[in-house]
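Data block below; observations after.
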Amino acid sequence: MNDGKLNIVFLGPPGAGKGTQAVGLSREFNIPHISTGDIFRAEMKAETELGRLARSYIDDGNLVPDDVVIKIIERRLQQEDTRGGYILDGFPRTIPQAEELDKMLRGLGTALSAAIYLEAAEDVIIQRLSGRRVCRQCGAIYHLVNMPPAREGICDKCGGELYQRPDDRPEAIRHRLEEYARKTAGLIQYYQAEGLLRKVDAGIEKEKTYALLRDILNDLK
Ligand code: AMP
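Have a look at this one:
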């Protein structure tokens with residue numbers, strides 16, 4: 003079903019550039035960028051109960067349990083700003099999450115428009131994750147080599163402090179990639195079977211990947 007909405011899921015391993023690309027597309031197509039990782043990081047920063055629970059999984063590179071994530075997305079998709087579509091970045095990450103999402107959308111009388119798989123080789127991903135730095139204040143993403151800030155350690159956008167996510171440490175990266183292979187990669191077949199899968203090369207320069215994504219979204223509109 004294509005009801006003129008851009009209900010998009012971004013698939014792909016950590017470090018494929020899902021967050022970076024979603025920020026630009028969200029602005030250009032005027033649809034919210036919904037990142038479960040960003041939601042958890044905000045809760046951790048505010049030291050809420052949910053934040054404390056999430057931290058016990060996230061910092062070591064484990065997935066947060068399905069029921070916790072599903073509840074968050076259920077609430078978020080009921081908000082008014084999602085009516086024209088959205089980019090889901092980092093959700094779903096397991097088959098049960100994908101099944102719940104399908105159910106949720108049916109309940110809301112809508113469906114996904116596409117699941118876009120951002121494909122990148124493992125050496126590229128590891129290089130990106132280990133050099134990634136994030137603004138503690140606004141969440142903007144940088145890279146020590148590929149996207150350095152103008153002033154070392156300081157966010158260009160808000161002046162906040164840049165830090166390395168604990169889950170971007172080498173041991174945690176290794177574990178996240180294992181979790182991805184074990185629990186998330188199967189979603190590619192899941193969405194292929196639903197006829198929703200679109201693949202994009204995310205191992206090239208980010209501007210080139212962005213142009214490919216823009217073409218897909220324009221095509222879906
Ligand atoms: P991300 O910013 O997408 O890399 O997410 C950071 C971390 O948040 C992940 O490594 C997981 O621990 C957790 N997380 C985010 N989204 C989900 C999800 N859909 N299911 C389970 N855990 C998640």
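In the numbering used here, the protein residues as written are 3 to 223. Note that the Cβ used here is the ideal one computed from N, Cα and C, for glycine as well. Remember, it's a predicted structure, so these values are computed and weren't measured experimentally.
Shown here, Arg200 sits in a strand according to DSSP, grouped into three states.
In this structure, Phe12 has its beta carbon at no less than 7 Å from each heavy atom of the ligand AMP.
In the structure shown, the three-state DSSP call for Gly87 is strand. Boundaries of the beta strand (DSSP E) around Phe12: 8–13. Set against 7 Å, the gap from the CB of Pro34 to the closest heavy atom of the ligand AMP is not smaller.
Contact holds between the stretch 9–25 and the stretch 106–123, because three or more Cβ pairs, one in each stretch, are under 8 Å apart. Using a Cβ distance threshold of 8 Å, Leu55 and Ala116 do not count as a contacting pair. For Ala116, the uninterrupted beta strand (DSSP E) run begins and ends at 116–121, by DSSP.
With a contact defined as Cβ atoms closer than 8 Å, Arg135 and Tyr144 qualify at about 5 Å. The three-state reading of DSSP puts Glu51 in helix, counting H, G and I together.
Set against 7 Å, the gap from the CB of Thr22 to the closest heavy atom of the ligand AMP is not smaller. Each of Arg29, Pro151, Thr186 was checked against the Cα of Ile97, and the nearest Cα belongs to Thr186.
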